[in-house]
Amino acid sequence: MPDVQRETQCDQPLLVAEGLSKSYGRLAACRDVSFTLYPGEVLAIVGESGSGKTTLLQMLSAQLASSAGHVSYRMRDGVLRDLNSLGEAERRFLFRTDWGYVRQDPAQGLRMAFSAGANVGERLMAVGWSHYGRIRDAASSWLERVEIDTARIDDAPRTYSGGMRQRLQIARNLVTEPRLVFMDEPTGGLDVSVQARLLDLMRNLVSELGLAAIVVTHDLAVARLLSHRVMVMKGGEVIETGLTDQVLDDPHEPYTQLLVSSILPP
Amino acid sequence: MSVMIEMTGAEKTFTMHLQGGVRLPVVRGVTFQVKAGECVVLSGPSGAGKSSILKMIFGNYRCDGGRIGIRHEGAMIDLANAEPRDILSVRRATIGYVSQFLRAIPRVPTIDVVAEPLIVTGTSRADARQRAGHLLRRLNIPERLWTLPPSTFSGGEQQRVNIARGFISDHPVLLLDEPTASLDAANREVVVDLIDEKKCAGVAIVAIVHDDEIRRWIADRVVDVTAFAAAA
Amino acid sequence: MNAPAYNFAYLDEQTKRMIRRAILKAVAIPGYQVPFASREMPMPYGWGTGGVQVTAAILGPDDVLKVIDQGSDDTTNAISIRKFFAKTAGVATTTATTEATVIQTRHRIPEAPLHAGQVLVYQVPIPEPLRFLEPRETETRRMHALAEYGLMHVKLYEDIARFGHIATSYAYPVKVNARYVMDPSPTPKFDNPKMGNCPALQLFGAGREKRIYAIPPHTTVVSLDFEDHPFTPYRFDAPCALCGAGDAYLDEIVTDDNGSRMFVCSDTDYCESRQAAGHRGSESAAPHKERAHA
């Protein structure tokens, strides 16, 4: 187990957000968000619709320009770079290799008309893999890892169920071994049993691969299951932050207490 | 023997915003020490704040004031003011916690629930499972149950799984919340033996036990938490 | 003689200047699609207006023009375009590939090897090789700018997964000068190898889509493939039935109602030249016909 290696990498922050804000005219969608994420940490951003959590995720993943503040990311060569200083080519490359982005609706994050194998292999082809057999083998092994029957490698995701599509989206994102994965309501819209299976898979993959992840969710159960830390957002601001079990077992802020009391006990 | 836990003037109050901002003070001025190899038992009536103190030491409850010193990797760290990732580090390497009721991630087989603390610190899955099996056997959990998730087990069985998970690693600090509550006599003896072994290995233990006999067996010192009662 | 109403080669001089600027830019950036202000031509979109505009812009009074359509000089469209330039530019025309200085073609590259000083003008329907994979123009422009061609390989992967081989048989995508991925127009993939290191200048015009691109002489042109599924030129089973050529692209001609057919060279000039030189195929009539001059 490469735990010694992990320790040295763990010393350095992976993603640093400072004073991130986004406003549309007078509407402040997101105000002054700051945090540091370390390798292997999973951070949940919890809040209801309109809390600004998706806006925050988009700014963190450089898909949306912030009105104020910075996001810095430690590249594979160890250098911490402000995302604004990256050229468009670099940013797009980062998005396709060292980062993953799992969308709530898998149809948005997949090429529905292409086969599962092509979907998983695309990132590999984008970074220069040019051997069909090896691409197919890599795709096949990832399908196995996300518990999709490899016999379906040539089927298009149009023929898949919602849960399978989501697992395919995860495989498509993880094939380049990213160090940071952004997830936007990854279990939204799925049946409860399908959600459970997906969460188990995500938990195992995150721990096996030592991924850092930022998960936006309105579901506290997802936060409890997946994340080490949680940030509660309301009205564009982070109103409470801390270890997941701290915030959920000992909520301080009125809104957090409301959220926690609203979920049905098991 | 070195001091492993040092609480100084720690306090906690709950503010229930949903009930009009009612304040529930729990404890105040909590001050005591625990040395390596020592077992300190917290005593006091139900609701006095014993579990809360344990949870504060583990970092599960946040602390409103004072200091919670833990010896972690050779130095004292104040858990009351620590960064979240430092608390995670302390939990991984230094403090083990056996809660009053088993809280396990659903759908995970018992053997993996128990092996988990070893796996996260670098032990191979095979070795961790082996040690987990050894401990489960000691606690009289039959092998046929190892592949099942513990959610369907009886209260006593769940508690024994909880204990196995807490005792499997070599954390120098152990927090035990009613470890023998739902156990029969035979299993209580096993737990007392396990606690003894930990003490001999130099582990600092803070425990909550209601049973007088168990307390006599394991406690080196008793701390009465009513001394830390906060004015209502 | 020119009808008095037309400028030389139909287009006004300013338009030709604009098109030549686009051509120069295209030649400077091999394989890159240069937008240009495509004009209304006296034939509708889809009938070669892009090719016609490029030819009109580069034609000079001393040029000799050849026009082919699917390899043939005598289809309706080839004849129309040849007459168009004969009327508006008064240039000499020919069917012999080796004698032409400018060759406008629809969907085929002549079999006879081209030489320095010749210009091959292709008629292009859809210039964007990624169009059917990524419908957004904004996105395809970015992909070309950043050389992000993973999607193109996805299409080829998909072919192999579905058919066991890369099924694209025409408009087979190529990488030009190791930089831009280009659509060679709907020429058969059989013709792809002719584009690489060609002594002639190759110009591509798309009138409806308003793009011009170019391959300067002696530029590397590589057909996209996988290491373990390399590009293989198409080979026919049998030689041309009329001239016996074994290295030419063949057309299928149905000869009767009973399903009989024969395969003959698609490049009519090539076939006739070979027959004139004495080559025969299995279906040749005994004496060969005199070639009719245009």
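Chains as they are written, first to last, in our numbering: chain A, 356 to 621; chain B, 101 to 332; chain C, 1274 to 1567. Every residue gets a Cβ at the ideal spot worked out from N, C-alpha and C, and that includes glycine.
Paired residues, beta bridge with residue i - DSSP
i                  : result
asparagine 1280(C) : Tyr1283(C)
isoleucine 569(A)  : Leu398(A), Phe537(A)
proline 125(B)     : Thr113(B)
proline 1461(C)    : Tyr1443(C)
threonine 1492(C)  : Looking at the DSSP assignment, threonine 1492(C) forms no beta bridge with any residue, so it has no partner.
glycine 165(B)     : Glu111(B)
cysteine 385(A)    : Lys377(A)
cysteine 1544(C)   : DSSP lists no partner for cysteine 1544(C).
cysteine 1538(C)   : Leu1523(C)
lysine 135(B)      : Val103(B)
proline 1400(C)    : Paired residues: none, contrary to the question.
histidine 310(B)   : Looking at the DSSP assignment, histidine 310(B) forms no beta bridge with any residue, so it has no partner.
Residue i versus residue j: straight-line alpha-carbon distance, rounded
i                 : j                 : result
valine 371(A)     : leucine 529(A)    : 22 Å
aspartate 1346(C) : alanine 1373(C)   : 13 Å
valine 577(A)     : arginine 203(B)   : 15 Å
valine 561(A)     : serine 440(A)     : 29 Å
asparagine 287(B) : isoleucine 241(B) : 10 Å
aspartate 1540(C) : serine 1353(C)    : 18 Å
methionine 557(A) : glycine 517(A)    : 16 Å
serine 1311(C)    : lysine 1483(C)    : 5 Å
glycine 137(B)    : cysteine 300(B)   : 6 Å
glycine 544(A)    : tryptophan 497(A) : 24 Å
Under 9 Å from the C-beta of residue i: neighbouring residues of chain C
i                : result
glutamate 477(A) : Gly1423, Leu1424, His1426, Val1427, Tyr1430
alanine 462(A)   : By Cβ distance, chain C contributes nothing, its closest Cβ being about 16 Å from alanine 462(A), past 9 Å.
CB contact check: residue i to chain C, cutoff 9 Å
i                 : result
glutamate 443(A)  : yes
isoleucine 503(A) : no
aspartate 453(A)  : no
serine 485(A)     : yes
alanine 481(A)    : yes
arginine 527(A)   : no
Any C-beta of chain A under 9 Å from that of residue i
i                     : result
threonine 247(B)      : no
phenylalanine 1504(C) : no
glycine 255(B)        : no
lysine 150(B)         : no
asparagine 160(B)     : yes
proline 184(B)        : yes
glutamate 1410(C)     : no
threonine 115(B)      : yes
isoleucine 153(B)     : no
isoleucine 187(B)     : yes
leucine 275(B)        : no
leucine 118(B)        : yes
valine 220(B)         : yes
glutamate 1286(C)     : no
glutamate 1401(C)     : no
arginine 1415(C)      : yes
Interface residues of chain B facing residue i [CB-CB closer than 9 Å]
i                : result
alanine 551(A)   : Pro206, Arg207
glutamine 601(A) : Gly159, Asn160, Tyr161, Arg162, Pro184, Ile187
Any C-beta of chain B under 9 Å from that of residue i
i                : result
aspartate 555(A) : yes
serine 616(A)    : yes
glycine 597(A)   : yes
tyrosine 393(A)  : yes
aspartate 437(A) : no
serine 562(A)    : yes
Chain B residues whose Cβ lies nearer than 8 Å to that of residue i
i                : result
glutamate 540(A) : The contacting residues do not exist; glutamate 540(A) stays about 20 Å from chain B at best.
Contact set between residue i and chain A, taken where Cβ atoms lie within less than 8 Å
i                : result
arginine 1435(C) : Ser470, Asp509
Under 7 Å from the C-beta of residue i: neighbouring residues of chain B
i                : result
histidine 583(A) : Leu188
glutamate 592(A) : Residues of chain B passing the Cβ test: none, with the nearest at roughly 17 Å.
Chain C contact residues for residue i, given Cβ-Cβ distances below 8 Å
i                 : result
isoleucine 569(A) : Within 8 Å Cβ-Cβ: nothing; isoleucine 569(A) doesn't reach chain C, min ~25 Å.
Per-residue contacts from residue i into chain A (C-beta, under 9 Å)
i               : result
leucine 1393(C) : Chain A residues near leucine 1393(C): none, gap ~30 Å exceeds 9 Å.
Contact between the segment 222–237 of chain B and the segment 159–176 of chain B (3+ Cβ pairs under 8 Å):
no
Contact between the segment 292–301 of chain B and the segment 115–127 of chain B is defined here as three or more beta-carbon pairs at a separation below 8 Å; is this criterion met?
Contact check between the segment 292–301 of chain B and the segment 115–127 of chain B: fewer than three CB pairs, one atom from each, fall below 8 Å, which does not count as touching.
Three or more beta-carbon pairs under 8 Å between the segment 267–280 of chain B and the segment 140–158 of chain B, yes or no?
With a cut-off of 8 Å, the segment 140–158 of chain B and the segment 267–280 of chain B count as touching, because enough Cβ pairs lie within range.
Chain E contacts from the segment 301–325 of chain B (Cβ-Cβ distance under 8 Å)
Annotation note: the requested chain E is absent from the structure, which comprises protein chains A, B and C.
Report yes or no: do three or more beta-carbon pairs, one from the segment 1430–1445 of chain C and one from the segment 1407–1420 of chain C, lie closer than 8 Å?
no
Are three or more beta carbon pairs between the segment 397–408 of chain A and the segment 562–577 of chain A nearer than 8 Å?
yes
Are three or more beta carbon pairs between the segment 1363–1383 of chain C and the segment 1295–1314 of chain C nearer than 8 Å?
no
Could you check whether the segment 1319–1329 of chain C touches the segment 1507–1524 of chain C, counting it as contact only if at least three pairs of C-beta atoms, one from each stretch, sit closer than 8 Å?
At 8 Å Cβ cutoff, the stretches do not touch.
Between the segment 1452–1472 of chain C and the segment 497–517 of chain A, do three or more beta carbon pairs fall short of 8 Å?
no
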